[in-house]
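>
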Amino acid sequence: APAQNEVSGETLGQTLLAEFQSIMAAGEITGAYSIAEKLITHESILFMGGAMEVEPGFLSGFDNYEVTGFDKAAMFGPMMGSIAFVGYIFDLPEDADVDAFVTGLKDNANPQWQICVTADETIVEVSGDKVFFLMSPLTLEQ
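All residue numbers for the sequence shown refer to our numbering, where the first residue is 31 and numbers rise by one.
Structural data, given as structure tokens:
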């Protein structure tokens, strides 16, 4: 679907955000890991990717910032290689301060967390009790 991306002018991040919103609207997949797994297998992903559950603490893309305040979370991204791509789905507790959580992510995300490459865009979006976070290139085409 790279041709579609070019026609619509959508970035990789916007494409995955739209997929996240569509998953949330359908309500059939609810777990952070299951959502991450669905996103990393989207047709716009042109690399071998995977998803894994993560615990609160130091997460890839956030340098010395400890990401806490979520119940469950999953990371999705390339299995290997130097692609500036890292995504997370965070499942927040009912009493979470969503604004503070999102601000913490935005303020501490480092698009240059990998030495060789830099992410072109950072997207953070809330839908219900889930937070979508992505740092990625605008496109995966070489």
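Cβ atoms here follow ideal geometry from the backbone N, Cα and C, with glycine treated the same way. Note that the structure is predicted; figures quoted are calculated from it, not measured.
Skipping 5 residues on each side, what residues in its chain have a beta carbon closer than 8 angstroms to that of residue 33?
With a pLDDT of 38 at residue 33, under the threshold of 50, the modelled position of this residue cannot be trusted; read the value that follows with caution. Nothing listed; no residue qualifies.
> Assuming residue 63 and residue 126 form a contact by the criterion Cβ under 8 angstroms, report the distance between their Cβ atoms to the nearest whole angstrom.
About 19 angstroms; that fails the 8 angstroms criterion.
> Whether or not the segment 137-150 and the segment 77-96 are in contact is what I'm after, with contact meaning three or more pairs of Cβ atoms, one per stretch, closer than 8 angstroms; do they touch?
Yes: the two stretches touch, three or more of their Cβ pairs being nearer than 8 angstroms.
> Using only the alpha-carbon positions, how far apart do residue 149 and residue 48 sit?
About 19 angstroms.
> Looking only at DSSP bridge pairs, what is residue 103 linked to?
In DSSP, residue 103 forms a bridge with 84 and 120.
> Run the CB neighbour count on residue 121, radius 10 Å, all protein chains shown included, and call it buried at 16 or more, exposed below.
Result: buried.
> Across which residues does DSSP place residue 154 in a beta bridge pair?
Per DSSP, 163.
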